[in-house]
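Numbering (my numbering), first residue to last: 94 to 360.
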């Protein structure tokens with residue numbers, strides 16, 4: 094079964110489509126390359142990457158959730174913010190990935206042979222922090238800490254292409270535990286300080302792209318949630334009851350936040 098498809102979207106950047114409606118990104122420089130996230134861990138991503146890269150490469154994870162860190166066991170050098178190491182161990186294991194993809198697409202899940210699933214990672218990660226800046230030759234990858242979706246969530250700035258890859262840190266339905274909302278507000282405030290270095294905003298789910306406005310709109314929404322001024326539309330996400338900060342249709346505004354009122358959310 095063919096699990097991957099690549100699409101070049103800028104001089105240095107490829108989007109890699111995979112199962113479960115999630116994508117990864119590959120940044121190719123003259124001296125090295127960086128794979129950003131590893132998806133659910135279905136199929137031989139390592140072999141697929143070898144058909145694209147023309148240099149040595151390493152892996153950077155935006156956060157430790159199963160649909161981003163699930164394939165990391167295929168790679169030796171994998172960077173992840175240390176605050177997400179424990180999360181990855183309990184969330185991105187093989188049994189959780191089976192369960193999650195089955196909920197998303199049971200027909201697809203039933204057609205994936207057992208040998209096509211990447212095992213649970215047991216090797217240690219390399220610590221990733223905002224002080225790291227990865228020079229790939231003619232292009233850089235700059236991690237920026239935006240905690241909230243997870244404690245260790247990072248976004249990746251590619252200044253030469255004026256692109257910011259937000260992962261799940263800011264999106265059309267950003268998942269946030271209610272107690273993390275203050276942390277999230279500070280993270281988006283911090284991210285906005287870098288807004289002069291990018292014009293294009295990419296994500297790993299949905300349409301894979303948003304207007305740059307999404308950062309300021311979700312920052313405003315986070316502040317409204319903290320102050321109790323949001324729409325608080327009841328909903329359910331991944332089996333957890335919670336609230337959308339905006340109605341599902343919100344003309345004139347980019348993005349939304351789904352927040353769980355308790356710490357029981359599995360994400």
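For each residue, glycine too, the CB sits at the ideal point set by N, CA and C.
Residue state for residue 117 is assigned as strand, using DSSP reduced to three classes. Taking a C-beta distance under 8 Å as the contact criterion, residue 150 and residue 269 do not qualify as a contact pair. In the three-state reduction of the DSSP assignment, residue 142 falls in the helix class, which pools H, G and I. Residue state for residue 221 is assigned as coil, using DSSP reduced to three classes. Scanning its chain for C-beta atoms nearer than 7 Å, with the 5 sequence neighbours on each side dropped, one finds around residue 165 the residues 131, 152, 154, 171, 214, in chain order. Ranked by how close their Cα comes to the Cα of residue 224, the residues 218, 236, 230, 282 have 236 in first place.
Beyond the five residues adjoining it in sequence on each side, residue 175 comes within less than 6 Å, by CB distance, of 220 in the same chain, given in chain order.
Between residue 228 and the set 121, 183, 281, 255, the nearest pair of CA atoms involves 121.
With a 10 Å radius around the Cβ and a threshold of 16 neighbouring Cβ atoms, residue 340 comes out exposed.
The stretch 244 to 251 makes no contact with the stretch 327 to 340; the number of CB pairs closer than 8 Å stays below 3.
As for any beta strand (DSSP E) of minimum length 3 sitting wholly inside the stretch 170 to 200, the runs are 171 to 173, ordered along the chain.
Per DSSP, the continuous beta strand (DSSP E) segment holding residue 267 begins and ends at 267 to 270. When secondary structure is reduced to three states using DSSP, residue 207 falls in the helix class.
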